[in-house]
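Chains as they are written, first to last, in this note's numbering: chain F, 1 to 179; chain V, 1 to 179.
In what follows, a structure is listed as C-alpha cells, so that the remarks can point back to it.
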C-alpha cells in the first residue's frame with residue numbers, strides 16, 4: 001500500500017516546514033482557523049518528501065491510506081478515461097491537499113498525481129490522524145471538521161457540475177477540479 | 001433558517017425510536033459500527049418529526065443547518081434544472097440520511113426533499129453535533145468519522161459519474177443518487 005513512498009527522498013517530519021506552511025497559509029484550506037501552535041502540532045505528524053519532476057506520487061487504482069499536503073511545486077491530476085488513456089482532470093499548487101478520499105476510506109486511489117516540477121509535500125496517513133485524535137482530541141476534532149468541510153465543498157462542486165453536465169450533455173466548458 | 005421545522009408535528013427526542021432504529025440498523029450507514037448504547041446516546045440528541053405525504057421537508061436554495069435521518073416512509077430528492085423545473089435526482093427510504101452537506105457547512109440546500117408517503121424522521125443540527133462532541137468526545141469523533149465516510153463515498157460515486165458522463169456526453173443511462 002503506497003509503497004512508492006519508500007522510493008522518495010525523505011525530509012523527515014513537518015516541523016522544519018512550519019515557516020513555509022505559514023507563508024502559504026492562505027492557500028491551505030486544511031489549516032483554516034488553525035493558529036500557529038496548532039499548525040506546529042500537526043506538522044509533527046506529517047512526513048515530508050521531495051520528488052523530482054515527472055514523479056507519479058499517487059497511482060490511480062492502487063490502495064492508499066494517506067493525504068498529501070503540497071508545500072512547494074505543482075502537480076497534475078489525471079484519471080484514465082473509458083479508452084484507458086489518462087485525462088487531466090485538475091492541477092494543484094502549494095497549499096492544496098490531495099488524496100483525502102483514500103485517507104478516509106482506504107479504498108483505491110480515484111486519480112493519479114504527477115509532479116510537474118520538483119515538489120515538496122507532507123503526508124498525513126490514517127494512523128497519524130488516529131494518533132492526533134488520541135493525543136490532541138480538540139485539535140483532532142478540528143482537523144476532522146476541516147476534512148469534512150473540504151470533502152463537502154468538493155461534493156457540492158462535483159454534484160452541481162454533474163447536474164449541469166446532464167442537463168447540457170453537449171457542453172464543452174471548463175472541467176472542474178475533481179481531485 | 002429551516003423555519004419549516006416549526007410547522008411539522010413534533011415527536012420529541014429520538015429515544016422512543018431506538019427500537020425502530022435497531023430494526024432498520026442495517027440500512028443506517030451513519031450508525032455503522034455503533035453499538036446499542038451508542039445509538040441510545042445519539043438518539044437523545046435527535047429531534048423527531050412526522051409529516052404527511054407531499055410535505056417538502058428540505059427546500060433547495062434555503063439555508064439549512066440540519067441533517068435528517070429517515071426512520072419511516074419514503075422521500076424524493078429533486079433539484080431545479082437549468083429550465084427552472086424540478087428534476088428527480090434520487091429517492092430515500094428508512095435509514096437514509098439527507099442534508100448532511102448543509103449540516104456541515106450551513107450553506108444553502110443543494111436539493112429539495114419531498115415526502116412521498118407519511119414520513120417519520122429525526123434531525124441532527126449543527127448545535128446538537130457540537131454538543132455530542134463536547135459531551136461525548138469519543139462518540140463525537142466516531143460520528144464525525146461516519147460522516148466523513150458517507151460524504152467520501154458519495155464524492156467517489158458522483159466524481160466517477162461525472163468523469164463517465166464527460167467521456168460519454170450522449171449517455172442516457174440511469175442517474176446516480178446525488179443527495
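Don't be surprised by glycine CBs; every beta carbon is placed ideally from N, CA and C.
Open item on the list: Give me the chain F residues within the contact set of residue 184(V), using Cβ-Cβ distance strictly less than 8 Å, ordered along the chain.
Closed with: Nothing can be reported for residue 184(V), as the shown portion of chain V is limited to 1 through 179.
Open item on the list: Please report the distance separating the alpha-carbon of residue 97(V) from that of residue 39(V).
Closed with: Here residue 97(V) refers to the residue found at position 97 of the second chain. Here residue 39(V) refers to the residue found at position 39 of the second chain. Cα to Cα, the separation comes out at about 15 Å.
TODO: Compute the Euclidean distance between the alpha carbons of residue 120(F) and residue 74(F), then round it to the nearest angstrom.
DONE: For the purposes of this step, residue 120(F) is identified with residue 120 of the first chain, where counting begins at 1. For the purposes of this step, residue 74(F) is identified with residue 74 of the first chain, where counting begins at 1. If you take the alpha carbons of residue 120(F) and residue 74(F), they lie about 9 Å apart.
- [ ] Taking residue 117(V) as the reference, give the member of 145(V), 87(V), 15(V) and 57(V) with the closest Cα.
- [x] By 1-based counting over the second chain, the position of residue 117(V) is 117. Here the closest residue by C-alpha is 57(V).
Open item on the list: Quick check on residue 52(F): buried or exposed, where buried means 16 or more other Cβ atoms within 10 Å of its Cβ?
Closed with: Sequence index remark: in the first chain, residue 52(F) carries index 52 (1-based). Here residue 52(F) is exposed: its Cβ has fewer than 16 other Cβ atoms, across all protein chains shown, within 10 Å.
Open item on the list: What does the alpha-carbon distance come out to for the pair residue 124(V) and residue 67(V)?
Closed with: The residue you call residue 124(V) lines up with position 124 of the second chain. The residue you call residue 67(V) lines up with position 67 of the second chain. Those two C-alpha atoms are separated by around 5 Å.
Open item on the list: Strictly under 7 Å for the Cβ-Cβ distance: is residue 167(F) near chain V by that measure?
Closed with: Here residue 167(F) corresponds to residue number 167 of the first chain, with the count starting at 1. Residue-level contact by beta carbon holds for residue 167(F) and chain V, with a gap shorter than 7 Å.
TODO: Below 8 Å between beta carbons is the criterion; list the residues of the segment 139-164 of chain F that meet it against any residue of chain V, in chain order.
DONE: If the cut-off is 8 Å between Cβ atoms, the segment 139-164 of chain F has 140, 141, 144, 145, 147, 148, 149, 151, 152, 153, 154, 155, 156, 158, 159, 160, 161, 162, 163 and 164 near chain V.
TODO: Anything in chain F within Cβ reach of residue 110(V), meaning under 8 Å, just list it in chain order.
DONE: Position 110 of the second chain, counted from the first residue, corresponds to residue 110(V). In chain order: 156, 159 and 160.
- [ ] Kindly say whether residue 127(V), judged by its beta-carbon, lies nearer than 7 Å to any beta-carbon of chain F.
- [x] As a first step, residue 127(V) must be located in the second chain, where it is residue number 127. Contacts with chain F at 7 Å (Cβ-Cβ) do not include residue 127(V).
TODO: Taking only the alpha-carbon atoms, compute the straight-line gap between residue 87(V) and residue 164(F) and give it to the nearest angstrom.
DONE: Taking the second chain and counting its residues from 1, the one referred to as residue 87(V) is at position 87. Taking the first chain and counting its residues from 1, the one referred to as residue 164(F) is at position 164. The straight-line gap separating the alpha-carbon atoms of residue 87(V) and residue 164(F) is approximately 12 Å.
- [ ] Check the Cβ-Cβ distances between residue 133(F) and every residue of chain V, and say whether any is below 7 Å.
- [x] Here residue 133(F) refers to the residue found at position 133 when the first chain is read from its first residue. Yes, residue 133(F) counts as interfacial toward chain V.
Open item on the list: Pairs of beta-carbons, one from the segment 136-143 of chain F and one from the segment 39-48 of chain F, closer than 8 Å: are there three or more?
Closed with: Yes, they touch.
TODO: For chain F, find out if any of its Cβ atoms is closer than 7 Å to the Cβ of residue 104(V); answer yes or no.
DONE: Along the second chain, one-based indexing puts residue 104(V) at 104. Look at residue 104(V): its C-beta is under 7 Å from a C-beta on chain F.
- [ ] Could you name the residues that DSSP lists as bridge partners for residue 122(F)?
- [x] By 1-based counting over the first chain, the position of residue 122(F) is 122. According to DSSP, which records beta bridges pairwise, residue 122(F) is partnered with 48(F) and 69(F).
Open item on the list: So the candidates are 89(V), 149(V), 63(V) and 69(V); which of them puts its Cα closest to the Cα of residue 78(V)?
Closed with: For this step, residue 78(V) is matched to residue 78 along the second chain. That would be 89(V), whose Cα lies nearest to the Cα of residue 78(V).
Task: Entirely enclosed beta strand (DSSP E) segments - the segment 85-169 of chain F, minimum 3 residues - done: Entirely contained in the segment 85-169 of chain F, the beta strand (DSSP E) runs reaching 3 residues are, in chain order, 86-92, 112-115 and 119-125.
TODO: Rounded to whole angstroms, what's the CA-CA distance from residue 13(F) to residue 6(F)? Just pull it up for me.
DONE: Taking the first residue of the first chain as 1, we reach residue 13(F) at position 13. Taking the first residue of the first chain as 1, we reach residue 6(F) at position 6. Spanning the two alpha carbons is a distance of roughly 15 Å.
Task: Cut-off 7 Å between Cβ atoms - residues of its own chain near residue 18(F), not counting five sequence neighbours on either side - done: Locating residue 18(F) in the first chain gives position 18, where the first residue counts as 1. Leaving aside the five residues that flank residue 18(F) on each side, the residues in its chain whose CB is nearer than 7 Å to its CB run, in chain order, 39, 40 and 43.
- [ ] Would you list the one or two residues that DSSP bridges to residue 219(F)?
- [x] Summary: the structure shown does not reach residue 219(F), with chain F confined to residues 1 through 179, and so no result is reported for it.
Open item on the list: For residue 84(V) and residue 154(F), I'd like the C-alpha separation in whole angstroms.
Closed with: Taking the first residue of the second chain as position 1, residue 84(V) is located at position 84. Taking the first residue of the first chain as position 1, residue 154(F) is located at position 154. Taking the straight line joining both Cα atoms gives about 24 Å.
TODO: Report the neighbours of residue 75(V) on chain F: residues whose CB is nearer than 7 Å to its CB, in chain order.
DONE: As a first step, residue 75(V) must be located in the second chain, where it is residue number 75. The contacting residues do not exist; residue 75(V) stays about 17 Å from chain F at best.
- [ ] Could you give the DSSP three-state label for residue 37(V): helix, strand or coil?
- [x] The residue given as residue 37(V) occupies position 37 in the second chain. Helix.
Open item on the list: Which residues in chain V have a C-beta closer than 9 Å to the C-beta of residue 86(F)? List them in chain order.
Closed with: Here residue 86(F) refers to the residue found at position 86 when the first chain is read from its first residue. Contact of residue 86(F) with chain V by beta-carbon distance below 9 Å is absent, the smallest such distance being about 12 Å.
TODO: Would you mind reading off the limits of the alpha helix (DSSP H) that contains residue 22(V)?
DONE: Start at 1 with the first residue of the second chain, and residue 22(V) comes out as number 22. 18-23 is the extent of the alpha helix (DSSP H) around residue 22(V).
- [ ] Determine the chain V residues that contact residue 90(F) at a beta-carbon separation under 7 Å, and present them in chain order.
- [x] Within the first chain, residue 90(F) is the residue found at index 90, counting from 1. Within chain V, no residue comes near residue 90(F); the closest Cβ sits about 11 Å away, beyond 7 Å.
Task: Neighbouring residues, chain F, relative to residue 81(V) (Cβ below 7 Å) - done: Within the second chain, residue 81(V) is the residue found at index 81, counting from 1. Under the 7 Å cutoff, chain F gives 167.
Open item on the list: So residue 137(V) contacts chain F; which residues on that side make the cut at Cβ distance below 8 Å?
Closed with: Numbered from 1 along the second chain, position 137 holds the residue referred to as residue 137(V). By Cβ distance, chain F contributes 137 and 141.
- [ ] Would you list the residues sitting across from residue 12(V) in a DSSP beta bridge?
- [x] Locating residue 12(V) in the second chain gives position 12, where the first residue counts as 1. DSSP links residue 12(V) through a beta bridge to 48(V).
Task: Run of the beta strand (DSSP E) containing residue 77(F), from where it starts to where it stops - done: Counting from 1 along the first chain, the entry for residue 77(F) is found at position 77. Start and end: 75-80.
Open item on the list: Can you check which of these residues, 72(F), 46(F) and 11(F), is closest to residue 115(F) by C-alpha distance?
Closed with: The residue labelled residue 115(F) in the question sits at position 115 within the first chain. Out of 72(F), 46(F) and 11(F), 72(F) has the C-alpha closest to the C-alpha of residue 115(F).
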